[in-house]
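Sequences listed follow chains A and B, in order.
One point on numbering: in numbering that gives the first Met the number 0, the residue at position 431 of the first sequence is 430, and numbering is uninterrupted.
One point on numbering: in numbering that gives the first Met the number 0, the residue at position 65 of the second sequence is 64, and numbering is uninterrupted.
Each residue gets a CB set at the ideal place from its N, CA and C atoms; glycine is no exception.
Since we're looking at a predicted model, the values are computed, not measured.
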Amino acid sequence: MKIPSPIFGALAAACLLGAALPLPASAQVSADDFNALKKLVEQLGDKVQKLEQTHDQDQKAHEQDQQLIQQLQKQLGETSTAATNAQQTANEVAKVQSAYPVVSGSQGAMHNFTMVGDAEAQFGKTSGQHATFTQADFAPIFLFRASDDVLFEAGFDVTLGNNTDSTGANRASGSSTSVSMSFGQLDYLLNDHMTLVAGDMLLPLGTYTERGAGWLNKIPNDPLARDFLPGSGVGVQLRGAVPVGDSGGMVTYAVYGVNGPSSTNSIANAGALDLSGNVGDTPNWHANPSGGGRLAVFLPWKPHYDLELGLSGQTGAWSDSGNHQWSAGVVDAALHLGPNIEVKGEYIRTAYGSDDFGQIHPHGSWVQAGYKLAGLNLELPYVNNIELISRYDRENDGQGTKTDRYTAGCIYYFSNTLLFEGDYEWLHSTQNAPAPNAFVLQLSYGF
Amino acid sequence: MKMINQLSSIKPGPRRGIFPALLASLILAASTAWVVADGTNAPVAQAGDAKPAKKPEKKKLTGAELYQINCNRCHAERYPTEFTPAQWKTIVTHMRVRANLPAAQAREILKYLQEDSGN
Chain A
0 MKIPSPIFGA LAAACLLGAA LPLPASAQVS ADDFNALKKL VEQLGDKVQK LEQTHDQDQK
60 AHEQDQQLIQ QLQKQLGETS TAATNAQQTA NEVAKVQSAY PVVSGSQGAM HNFTMVGDAE
120 AQFGKTSGQH ATFTQADFAP IFLFRASDDV LFEAGFDVTL GNNTDSTGAN RASGSSTSVS
180 MSFGQLDYLL NDHMTLVAGD MLLPLGTYTE RGAGWLNKIP NDPLARDFLP GSGVGVQLRG
240 AVPVGDSGGM VTYAVYGVNG PSSTNSIANA GALDLSGNVG DTPNWHANPS GGGRLAVFLP
300 WKPHYDLELG LSGQTGAWSD SGNHQWSAGV VDAALHLGPN IEVKGEYIRT AYGSDDFGQI
360 HPHGSWVQAG YKLAGLNLEL PYVNNIELIS RYDRENDGQG TKTDRYTAGC IYYFSNTLLF
420 EGDYEWLHST QNAPAPNAFV LQLSYGF
Chain B
0 MKMINQLSSI KPGPRRGIFP ALLASLILAA STAWVVADGT NAPVAQAGDA KPAKKPEKKK
60 LTGAELYQIN CNRCHAERYP TEFTPAQWKT IVTHMRVRAN LPAAQAREIL KYLQEDSGN
């Protein structure tokens with residue numbers, strides 16, 4: 000079909016006109032919209048820039064992590080090699096040492112060193128003398144647990160005291176410091192009911208020596224009759240306990256052999272007995288060690304209510320000259336009637352042969368009672384911290400001297416381990432007339 | 000018939016051995032029943048049983064109670080927070096020897112002290 004030329008011409012003219020004319024007004028963008036759009040674009044640009052920066056930082060951190068991982072992998076390889084070598088070495092050592100028994104629990108146990116103990120400062124006045132600070136005492140106990148079954152313990156006594164004259168009174172000038180080891184022993188827990196102890200041991204003759212140290216002792220000085228017994232001995236001991244009943248009761252035992260008392264010189268006279276000698280063999284004038292032990296029963300019927308009864312003794316030669324024996328027997332008892340009432344005591348009887356006085360029987364006893372005023376329920380905090388204490392002790396040296404002592408005092412508990420003790424003592428003796436009375440103040444701290 | 004003959008051929012022996020054996024069996028049976036009934040595997044009593052209720056078992060002493068019983072008789076109690084767990088282990092070992100404590104009691108006391116120990 001042929002298009003007529005006039006129509007074609009009109010169409011062409013219309014196309015040219017449409018192309019030449021401007022766009023209609025409805026397609027135009029306002030300045031505000033443009034600026035908003037521009038601002039939006041700028042913001043997007045900023046965000047993109049920040050994202051790029053963050054990405055760069057992440058990239059750097061990733062590279063650092065990769066380096067660290069490589070280092071750790073390298074170290075792990077070295078550690079693995081070292082562990083392999085150590086295992087090989089341990090296996091070789093084990094092959095060499097397999098002949099020696101291994102202490103139970105030692106492989107998995109953590110060694111631990113701990114210090115406990117007590118410290119005291121004492122002020123006193125004895126009739127006929129000036130009041131004075133009589134002594135300062137520091138008594139640490141070092142505990143080293145080598146394994147679950149092995150413990151080494153050693154107690155020392157560092158004391159600064161005023162010098163005394165030949166009578167024991169504080170009449171000499173100056174003061175001096177003494178350092179002594181009160182005990183040093185190795186404990187090996189053989190099983191649940193038996194422990195082997197070796198070394199310089201506190202002796203279980205009664206309970207006072209083992210349970211009367213420093214801040215445990217509610218009266219500053221020791222009972223008189225304890226002078227008839229050695230405090231410690233060098234030797235070995237087996238001790239333990241067997242539970243009885245469901246209330247926490249038990250039977251306890253201790254059997255030991257120690258060097259025992261000896262003579263200060265080779266003479267077997269009464270005055271030559273040296274309880275603290277504790278050494279045997281020829282240079283010390285006797286060759287046979289002493290043997291001893293303690294058997295006790297502890298019967299609690301509820302917490303803070305209990306009764307303990309014990310019987311202990313020791314015997315052995317103290318001088319080969321005359322074949323003299325030294326023996327001791329102790330009966331001890333302790334009763335608690337609630338948290339505020341305590342009564343305890345010991346009866347001590349010893350015997351030893353001598354060249355000059357024949358058989359001598361030093362003996363004595365002590366009984367101590369304490370009452371905590373908290374038992375009165377007065378709701379007075381200071382009064383509740385006070386415990387009244389009293390003790391009667393006596394001794395007879397078997398050679399004509401008898402001494403009685405009455406002590407009354409109180410304890411103020413600043414805390415569970417800081418105690419202030421004050422006592423007054425009335426002394427009666429057939430040797431000293433009149434015997435000096437005394438008061439003693441002591442600050443004790445257990446740590 | 001053979002068995003009857005065998006039984007009839009058994010001569011009566013001394014009777015005094017039978018009664019003690021029976022008595023012993025009864026005692027043994029009764030004791031066993033009592034032990035089983037007293038144990039933890041005892042059957043649960045049925046509703047309507049005429050027998051009285053079993054006595055409650057005595058409670059086992061806790062570490063805290065054993066601590067009060069044993070430690071307080073010589074010194075004021077130390078607070079568990081005063082020492083670390085490792086230190087308590089050493090101290091309780093020391094006290095087990097010094098105070099002659101049974102091992103089982105010492106373990107319970109140690110457990111109690113370590114649970115509330117200091118750092």
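Could you tell me whether any Cβ in chain B is nearer than 8 Å to the Cβ of residue i?
i	result
L303/A	Note on residue identity: the sequence assigns His, not Leu, to residue 303/A. By this cut-off, H303/A is an interface position.
R390/A	no
R144/A	yes
A332/A	no
L442/A	no
A368/A	no
M249/A	yes
P299/A	yes
V241/A	yes
R393/A	no
R238/A	yes
P338/A	yes
L189/A	no
D221/A	no
G506/A	Nothing can be reported for residue 506/A: it is not among the residues displayed for chain A, which extend from 0 to 446.
R210/A	yes
Along chain B, which residues have their Cβ under 7 Å away from the Cβ of residue i?
i	result
T113/A	Q86, T89, I90
H335/A	R72
R225/A	Residues of chain B passing the Cβ test: none, with the nearest at roughly 17 Å.
D186/A	V96
Sort the options by Cα distance to residue i and report the nearest one.
i	options	result
Y370/A	R393/A, D403/A, I410/A, Y381/A	I410/A
N384/A	S79/A, E420/A, A295/A	E420/A
N162/A	Y187/A, Q134/A, D147/A, L189/A	Q134/A
S414/A	G62/B, N69/B, I68/B, A75/B	A75/B
Q86/B	D191/A, R144/A, N339/A	R144/A
R72/B	M94/B, T80/B, P84/B	M94/B
V329/A	S353/A, P260/A, L228/A	L228/A
D470/A	D164/A, F141/A, L150/A	There is simply no residue 470/A to check, as chain A begins at 0 and stops at 446 in what is shown.
S116/B	A98/B, L60/B, R77/B, L100/B	R77/B
P338/A	A85/A, S443/A, N376/A	N376/A
P299/A	L65/B, N118/B, A102/B	L65/B
With 16 as the cutoff for other CB atoms within 10 Å, does residue i come out buried or exposed?
i	result
Y255/A	buried
Y111/B	buried
L387/A	exposed
M249/A	buried
K88/B	buried
W365/A	buried
V40/A	exposed
D392/A	buried
Y381/A	exposed
I68/A	exposed
T53/A	exposed
W317/A	buried
K450/A	The structure shown does not extend to residue 450/A, since chain A is modelled only from 0 through 446, so no value can be given for it.
A138/A	buried
V178/A	exposed
D164/A	exposed
N190/A	exposed
Check the Cβ of residue i against every Cβ in chain B and list those closer than 9 Å, keeping chain order.
i	result
V196/A	V96
D136/A	Correct list: empty, because the minimum Cβ distance to chain B is about 17 Å.
L215/A	C73, H74
Under 8 Å, Cβ to Cβ, is there at least one residue of chain A near residue i?
i	result
I108/B	no
P101/B	yes
L112/B	no
In chain B, what lies closer than 8 Å to residue i by C-beta?
i	result
N415/A	A75, E76, R77, Y78
L150/A	T89, T92, H93, V96
Is residue i near the ligand ZN - that is, is its Cβ less than 7 Å away from at least one heavy atom of it?
i	result
G230/A	The model on display carries no ligand, and the ligand ZN is accordingly not part of it.
Taking 8 Å as the CB-CB limit, is residue i close to chain C?
i	result
E341/A	No chain C appears in this structure, whose protein chains are A and B.
Original post:
So does the segment 303 to 316 of chain A actually touch the segment 197 to 216 of chain A, counting three or more Cβ pairs closer than 8 Å?
Top reply: Touching, yes.
Subject >> contact_flag[the segment 325 to 345 of chain A, the segment 296 to 309 of chain A] where n(CB pairs < 8 Å) is 3 or more >> reply: Output reads yes: the segment 296 to 309 of chain A touches the segment 325 to 345 of chain A.
Original post:
How do the segment 389 to 402 of chain A and the segment 419 to 431 of chain A stand: do at least 3 beta-carbon pairs fall below 8 Å, yes or no?
Top reply: In this structure the segment 389 to 402 of chain A touches the segment 419 to 431 of chain A; the number of beta carbon pairs closer than 8 Å is three or more.
**OP:** Determine, using beta-carbon pairs with one atom in the segment 211 to 225 of chain A and one in the segment 250 to 269 of chain A, whether at least three such pairs fall under 8 Å.
**Re:** no
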